Each structure stands twice: as C-alpha cells, then as structure tokens.
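One structure is given below, encoded as structure tokens.
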Amino acid sequence: SQQGEEDPQALSIQEGENATMNCSYKTSINNLQWYRQNSGRGLVHLILIRSNEREKHSGRLRVTLDTSKKSSSLLITASRAADTASYFCATDPRTSGSRLTFGEGTQLTVNP
Amino acid sequence: KAGVTQTPRYLIKTRGQQVTLSCSPISGHRSVSWYQQTPGQGLQFLFEYFSETQRNKGNFPGRFSGRQFSNSRSEMNVSTLELGDSALYLCASSLQGRSGYTFGSGTRLTVV
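Those protein sequence lines, which keep their order, are chains A and B.
This note's numbering puts the first residue of the first sequence at 3, with every later residue one more than the last.
This note's numbering puts the first residue of the second sequence at 686, with every later residue one more than the last.
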C-alpha cells in the first residue's frame, strides 16, 4: 500500500504560472524525494530533502518539509509546457531499510 | 556516464510462463532496487540488492525473485505469470541506497 498521499491528483495550469503539489506521509522518515515521470517512462530524480531540513531549492524547484505535520510540498515556478508530467513524492522510512514508498502522484499539465 | 539500462523494453508473455528482466546499474553503484508500477496499485517496492545480497523485500509473493551479480547487474524473475503481473517494472540504482536513485526506463510487461 502507498504511504503517501498527493494532492491534487491532477493540476492544469498555463505556462508561466506556478504549480504547487503537496504530499503527506505516515511514518518517520530519513528523507523525502520528488520524482518526475513522463508518459509511463522511467522516473527522474528531482530533489531530496533530509528530515532535518525544512526547505530546499534547485533551479525552478522549491521543496518544503514539515516533519511535525508529515507533509511536503513541491513548487515549480514559471512553469513550461515541458514540465507536463506526473510528479511523485517518495519517502525513505526510518524503519523499512533502504526502500522508497511512493505517493500516488500528481498529473501536471502545463498548457502553452 | 551511462544511465541505468533495462532490457528488454517491452515483453509480451502468456499466463503461466516465466520471465526474466535485466537491469544494469550505473557504474560504481552497488544498490539496485526493483519497483512495479500499475494503474491500480501505483509504484510498489519489490526488493533491493546490495553487493549481491537481498537487503530488503517488499510484500510480493514468492513468484517474484531476483538476484544480483558481482558486477552489480541485477535480474528479476517472475514465475507462473498472472494477468495481474502486467505492469511497468522499474529498476533503480544508487551508490549505497538511502539517497537519490537513478531509474531506468523500465520494462513494460504484458501478460495475455
């Protein structure tokens, strides 16, 4: 079963707008990671945030982590049509060894 | 450097048959994990190998097995295929596990 829940399940925006996706999880974690997937292809690692970090930036991506609420958000600024993809959060739980538990994903569509 | 290579890309098998999927990790990466992705269950962890040893296992029946060779290449095997085994099988490699993973493009298995 999936540990994470992502919100919204689908998001449609115009190019240039910002996109925010949220992820909630249930257990203590070592880190939380965000991945992108284009049309059923492989996953591309976007960013990793450790449990002792609160915010991290990478280019147009900004990730926040609130371990007290067991939630994270991914913000993509100035979106482009090429950002159209499914986005997944994945947690590396403390108790489960070296594995990732994925959320259900958010399908982002950026309209030109 | 070369990415994670999964072969074959597509596979069609008949119920009851068995199948072997291959994954070559990034050179120097010792951790290889396998995931199953289906529309109904999402991304689910199958198992992880590190230095030829299975280090972690997901909640899948014994029909799903894997191994890792001394060069870190990994194979997974599914015996007595069922229709529900139709999925995208993704392999991920990392240096030690517990960090960002690099995923292959996946093998899409269809069981008819």
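Note that CB positions come from ideal geometry on N, CA and C, so glycine has one too.
No experiment lies behind these values; they were computed from the predicted model shown.
When C-beta atoms of the region 66–79 of chain A are compared with those of the region 13–21 of chain A, three or more pairs fall below 8 Å, so the two segments count as touching. Taken through DSSP and simplified to helix, strand or coil, A:Leu110 comes out as strand. Contacts between B:Phe788 and chain A, judged by CB atoms closer than 8 Å, involve Tyr37, Gly44, Leu45, Val46, His47 in chain order. The alpha-carbon separation between A:Lys72 and B:Asn741 amounts to approximately 24 Å. Taking the CA atoms as reference points, B:Ser718 sits about 10 Å from B:Gln753. Under the 10 Å beta carbon count, B:Gly713 is surrounded by fewer than 16 other beta carbons and is classified as exposed.
The beta carbon of B:Ser757 sits closer than 7 Å to the beta carbons of Pro710, His714, Arg715, Val717 from its chain, once the five residues preceding and following it are set aside; these are given in chain order. For the region 77–110 of chain A, the residues whose beta carbon sits under 9 Å from a beta carbon of chain B are, in order, Phe90, Ala92, Asp94, Ser98, Gly99, Ser100, Arg101, Leu102, Thr103, Phe104, Gly105, Glu106, Gly107. A:Leu50 reaches chain B at Ser784, Gly785, counting residues in chain order whose Cβ is nearer than 9 Å.
Non-local C-beta neighbours of B:Thr699 in its own chain, meaning closer than 8 Å and more than five positions away in sequence, comprise Leu766, Val796, Val797, ordered along the chain. Distance between B:Ser779 and B:Gly785, taken at the CA atoms: about 7 Å. The shortest C-alpha to C-alpha distance from B:Ser771 to any of B:Ser707, B:Thr690, B:Leu794 is the one to B:Leu794. In the structure shown, the three-state DSSP call for A:Ala87 is strand. Rounded to whole angstroms, A:Arg62 and A:Asn113 show a C-alpha spacing of 18 Å. Distances from the CA of A:Asp9 to each of A:Leu67, A:Gln16, A:Cys25 were compared; the closest alpha carbon is that of A:Cys25.
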